[in-house]
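First residue of the sequence shown? That's 1 in the UniProt record's numbering, and the numbers climb one at a time after it. Since the structure comes first, as structure tokens, the remarks are kept for the end.
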Amino acid sequence: MMRKIILLFFVMICSLYVRAAKPEFKYVSISTDKGTCLLRLYNATPLHRDNFVKLVREGYYDSLLFHRVINHFMIQGGDPDSRHAAKGQAFGEGGPKYTINAEIRDTLFHKKGTIGAARDNNPAKASSGSQFYLVEGRVFTNAGLDSLEQFKLKGRKFTDAQRKIYTTVGGTPHLDGNYTVFGELLNGIEVVETIAKVKTDALDRPVDDIRMSMKVLTRREALNLELELKGQKPKTGFLTRFFDIFSGKDY
Numbered sequence: 001m002m003r004k005i006i007l008l009f010f011v012m013i014c015s016l017y018v019r020a021a022k023p024e025f026k027y028v029s030i031s032t033d034k035g036t037c038l039l040r041l042y043n044a045t046p047l048h049r050d051n052f053v054k055l056v057r058e059g060y061y062d063s064l065l066f067h068r069v070i071n072h073f074m075i076q077g078g079d080p081d082s083r084h085a086a087k088g089q090a091f092g093e094g095g096p097k098y099t100i101n102a103e104i105r106d107t108l109f110h111k112k113g114t115i116g117a118a119r120d121n122n123p124a125k126a127s128s129g130s131q132f133y134l135v136e137g138r139v140f141t142n143a144g145l146d147s148l149e150q151f152k153l154k155g156r157k158f159t160d161a162q163r164k165i166y167t168t169v170g171g172t173p174h175l176d177g178n179y180t181v182f183g184e185l186l187n188g189i190e191v192v193e194t195i196a197k198v199k200t201d202a203l204d205r206p207v208d209d210i211r212m213s214m215k216v217l218t219r220r221e222a223l224n225l226e227l228e229l230k231g232q233k234p235k236t237g238f239l240t241r242f243f244d245i246f247s248g249k250d251y
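Printed below as a string of structure tokens:
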């Protein structure tokens, strides 16, 4: 009887641990020929978050090119046709046979270091199933933002938060309201800056191919990252590793 009680207690403890220890966000590491960067995906854009995670776990992005690169603007990739690219070949039309409904949020805008979903010129602003861009952009003056409001945004006004970011950190404000922003870099913006500066051809494709690979952080990697972001020590002890066996790597 005592053995059964101890076993039941152990199972309950394991169950509580598994339920409690769940990261707040999904994180994706992007490795390139120019370095590595780390993305945090927004929970406010669940369709884009979940699709991106699914494709990364399938290895969809591995060996694809950054096929469109414009300095002080953005670097774009995710076209599966670029995996076996010939020199000078144009890209931008490839992807899975579906689009993602727009998840454009006023609070999520194109500050430097964000990831946005590319799309064609469809009226619903639905996103490509796989193509994305990482924002480099530039710093704007308030006068420059005033001009964008008048001539590009048809009178739509930037919020105070947007103005503060665009006049200090920078970004691509003219894209706001037209494309879904679904995450941001936690580190590695220098990788984006380096790629954005490479020599390109007339189609904005880098002369020397720049390939990518991606991985979703495991549950434990994500939990430890969130602890470190809060100034706390990551958990790596025996009990942590033991209970992690019951939790699995994905979340």
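Where is the CB? At the ideal position from N, CA and C, for every residue including glycine. In this text the structure is predicted, and so the values were computed from the model without any measurement.
Q. Mind pulling the alpha helix (DSSP H) runs of 4 or more residues that sit fully within the segment 104 to 136?
A. As summarised for the segment 104 to 136, there are no continuous alpha helix (DSSP H) elements at least 4 residues long confined to that stretch.
Q | For Asp178, three-class secondary structure by DSSP | A | Checking the sequence shown, residue 178 turns out to be Asn, not Asp. Secondary structure of Asn178 (DSSP, three-state): coil.
Q. Under three-state DSSP, which class holds Tyr27?
A. If DSSP states are grouped into helix, strand and coil, Tyr27 belongs with the strands.
Q | Residue range of the beta strand (DSSP E) that includes Arg241 | A | First-last for Arg241: Phe238 to Asp244, but that is the alpha helix (DSSP H), not the beta strand (DSSP E).
(Q) For a test of the three-state rule: what should DSSP assign to His72, helix, strand or coil? (A) The answer is coil: DSSP assigns His72 none of H, G, I, E or B.
Q: Go ahead and label Asp79 buried or exposed: buried means 16 or more other beta carbons lie within 10 angstroms of its beta carbon, across all protein chains shown.
A: Residue environment for Asp79: buried (at least 16 other C-beta atoms within 10 angstroms of its C-beta).
Q: Please work out which residues of its chain come closer than 7 Å, Cβ to Cβ, to Ser130, disregarding the five sequence neighbours upstream and downstream, and give them in chain order.
A: Hits under 7 Å: Leu55, Tyr60, Gly78, Pro80, Gly95 and Pro96.
Q.
So the candidates are Tyr251, Gly35, Arg220 and Glu228; which of them puts its Cα closest to the Cα of Leu239?
A. The shortest C-alpha to C-alpha distance from Leu239 to any of Tyr251, Gly35, Arg220 and Glu228 is the one to Arg220.
**Q.** Straight-line Cα distance separating Ser127 from Ala90
**A.** So the two alpha carbons sit approximately 20 Å from each other.
Q. Are Ile104 and Lys125 close, meaning C-beta to C-beta below 8 Å?
A. Result yes, Cβ atoms of Ile104 and Lys125 sit closer than 8 Å.
Q. Using a Cβ-Cβ cut-off of 8 Å (strictly less than) and excluding sequence neighbours within five positions of Gly35, which residues of its own chain qualify?
A. The residues are Gly188, Glu190, Val191 and Thr194.
(Q) When you compare the CB positions of Pro206 and Val198, do they come within less than 8 Å of one another, or not? (A) Going by C-beta atoms, Pro206 is nearer than 8 Å to Val198.
Q) What is the DSSP secondary structure of Pro234, counted as helix, strand or coil? A) Reduced to three states, the DSSP call for Pro234 is coil.
Q. In terms of DSSP beta bridges, what is Arg40 paired with?
A. According to DSSP, Arg40 bridges with Tyr27 and Glu184.
Q) On the three-state DSSP scale, how would you describe Leu145? A) DSSP, read as helix, strand or coil, puts Leu145 in helix.
Q) Within this structure, are the beta carbons of Tyr98 and Gly116 separated by less than 8 Å? A) No.
Q: Report the option in Ala21, Leu39, Asp33 and Thr32 whose CA atom is closest to the CA atom of Val181.
A: Comparing Cα-Cα distances from Val181 to each of Ala21, Leu39, Asp33 and Thr32, the minimum goes to Leu39.
**Q.** Alpha-carbon spacing of Leu225 relative to Phe151, whole angstroms
**A.** Here the alpha carbon of Leu225 sits roughly 42 Å from the alpha carbon of Phe151.
Q. What are the boundary residues of the beta strand (DSSP E) that includes residue 256?
A. Nothing in the structure corresponds to residue 256, since the chain is present only between 1 and 251.
Q) Between which two residues does the alpha helix (DSSP H) containing His48 stretch? A) For His48, the enclosing alpha helix (DSSP H) starts and ends at Pro46 to Arg57.
Q | Range covered by the alpha helix (DSSP H) that runs through Glu93 | A | Element bounds for Glu93: n/a, residue is neither H nor E.
Q. With a CB to CB cut of under 7 Å and the five nearest residues on each side skipped, what residues in its chain are close to Ser29?
A. Excluding residues up to 5 positions away in sequence, Thr36, Leu38, Met214, Lys215 and Leu217 lie with their Cβ nearer than 7 Å to the Cβ of Ser29 in the same chain.
Q | Cβ distance (whole Å) where Leu41 is taken to contact Lys26 below 8 Å | A | Their Cβ separation, rounded to whole angstroms, is 5 Å, which keeps Leu41 and Lys26 in contact under 8 Å.
Q: Take Gly92 as the anchor and find which of Arg119, Leu186, Lys154 and Leu153 has the nearest alpha-carbon.
A: Selected option, being the one with the closest Cα: Arg119.
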